[in-house]
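Chemist: Position 206, counted from 1, in the sequence shown is what this note's numbering calls 212; the numbers after and before it change by one each time, with no gaps.
Backbone N, C-alpha and C fix where the C-beta goes; we use that ideal spot for every residue, glycine too.
All values reported here derive from a predicted model rather than from experimental measurement.
This is the structure I have questions about; it appears just below.
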Amino acid sequence: MTLDLLSALLIGLLGSGHCFGMCGAISTSLAAASGANQIRTGFAYNVGRILSYTLIGAIVGFSSSIAVSKLGVPLTLLRLFSGLFLIFLALYLMKLTSVLVVLEKLGHVLWRHIQPLTKKVIPVDSSAKALILGMLWGWLPCGLVYSTLTWSIASGSALDGALIMLFFGLGTLPMMLSLSLGGVTIRQYFQHSLVRNIAASAILCFGIYTVVIASFALF
7 MTLDLLSALL
17 IGLLGSGHCF
27 GMCGAISTSL
37 AAASGANQIR
47 TGFAYNVGRI
57 LSYTLIGAIV
67 GFSSSIAVSK
77 LGVPLTLLRL
87 FSGLFLIFLA
97 LYLMKLTSVL
107 VVLEKLGHVL
117 WRHIQPLTKK
127 VIPVDSSAKA
137 LILGMLWGWL
147 PCGLVYSTLT
157 WSIASGSALD
167 GALIMLFFGL
177 GTLPMMLSLS
187 LGGVTIRQYF
197 QHSLVRNIAA
207 SAILCFGIYT
217 VVIASFALF
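In structure tokens:
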């Protein structure tokens, strides 16, 4: 489990350059609108976002525990599934495939019902509104989030699933908090093609390793 948490943290950190394309607009507008309360508002927004990730991780972790205990689905098979998704994520970050875009489009079915709620807390003129906005924005369809969620599925428990997504969210915090505070340097660093490809290569290696270990355990 320690390895899973560390991996989730690193995936969040290494893949967070992708977050600018998905969440950058809301984060930068938050920074512009928050004035003197910029730090407090930016922090509240990101806490809300990470809370949503944690909740989603608990939900899918609990669902997988039911699948394992009631339906007899092998946990190793779920681990193989998560490893394949890490490989897809790496290729997606390298811009070699758009397969995760399909998943993001499926996620828009739910997002269509959540997005209108975000307008009720805009303009963000308090930490409470920023927290709620973050909790809502955490449900935004994102291939990076979905790929990490497969680790929560493979965890086989609500608690472990929640912890995996908590650590993933913490990994994205440096990038997203920087955006919320109007940072530019860290954004340029994470979006650099060399950094992106190094991050994707690291995720690819871990995905292949996971698939190989799970395959040996299964077969």
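At which residues does the alpha helix (DSSP H) containing residue 137 begin and terminate?
Modeler: Looking at the DSSP string, the run of the alpha helix (DSSP H) that includes residue 137 is 133-143.
Chemist: Among residues of its own chain, excluding the 5 on either side of residue 164, which ones have a beta-carbon nearer than 6 Å to its beta-carbon?
Modeler: Only 64, 67, 68 meet the Cβ criterion.
Chemist: For residue 140 versus residue 50, is the C-beta distance shorter than 8 Å?
Modeler: Yes.
Chemist: Below 8 Å, how does it come out for the region 166-173 and the region 75-88: are there three or more Cβ pairs, yes or no?
Modeler: At 8 Å Cβ cutoff, the stretches do not touch.
Chemist: Can you give the beta carbon distance from residue 91 to residue 156, rounded, assuming they're within the 8 Å contact cut?
Modeler: Confirmed, about 4 Å.
Chemist: List the endpoints of the continuous alpha helix (DSSP H) containing residue 57.
Modeler: Its alpha helix (DSSP H) spans residues 44-77.
Chemist: Taking DSSP as the reference, what is the three-state secondary structure of residue 170?
Modeler: It is helical.
Chemist: Applying the criterion that 16 or more other CB atoms from any shown protein chain within 10 Å of the CB defines a buried residue, is residue 88 buried or exposed?
Modeler: Buried.
Chemist: When the distance is taken between beta carbons, is residue 95 closer than 8 Å to residue 144?
Modeler: No, the pair does not count as a contact, with Cβ atoms beyond the cut-off.
Chemist: Less than 8 Å between the beta carbons of residue 15 and residue 174, yes or no?
Modeler: In contact: residue 15 and residue 174 (Cβ atoms closer than 8 Å).
Chemist: Give the list of continuous beta strand (DSSP E) stretches no shorter than 3 residues that lie fully inside the region 85-114.
Modeler: Entirely contained in the region 85-114, not one beta strand (DSSP E) run reaches 3 residues.
Chemist: Under 8 Å between the Cβ atoms of residue 210 and residue 86?
Modeler: No, they are not a contact pair.
Chemist: Rounded C-beta distance between residue 120 and residue 142? I'm assuming under 8 Å.
Modeler: Yes, residue 120 and residue 142 are in contact; Cβ-Cβ is about 6 Å, under 8 Å.
Chemist: Can the beta-carbon of residue 109 be found less than 8 Å from the beta-carbon of residue 206?
Modeler: No; because the gap between Cβ atoms is not below 8 Å, this pair is not in contact.
Chemist: Take the Cβ of residue 220 as the centre, count every other Cβ of all protein chains shown within 10 Å, and call the residue buried at 16 or more, exposed below.
Modeler: It is buried - the Cβ of residue 220 has at least 16 other Cβ atoms within 10 Å.
Chemist: Ends of the alpha helix (DSSP H) at residue 18?
Modeler: Run containing residue 18: 8-21, per the alpha helix (DSSP H) assignment.
Chemist: Tell me whether residue 59 is buried or exposed, calling it buried when 16 or more other Cβ atoms sit within 10 Å of its Cβ.
Modeler: When all chains shown are included, residue 59 counts as buried.
Chemist: Could you say which of 222, 185, 217 lies nearest to residue 44 if we only look at CA atoms?
Modeler: The residue with the shortest Cα to Cα distance from residue 44 is 185.
Chemist: Looking only at its own chain, which residues have a Cβ that is under 8 Å from the Cβ of residue 13, when we skip the five neighbours before and after it?
Modeler: Cβ neighbours of residue 13 beyond the five flanking positions: 157, 212.
Chemist: Tell me, to the nearest whole angstrom, how far the beta carbon of residue 183 is from that of residue 52; I am working on the premise that it is less than 8 Å.
Modeler: That belief holds up - the Cβ atoms of residue 183 and residue 52 are roughly 6 Å apart, short of 8 Å.
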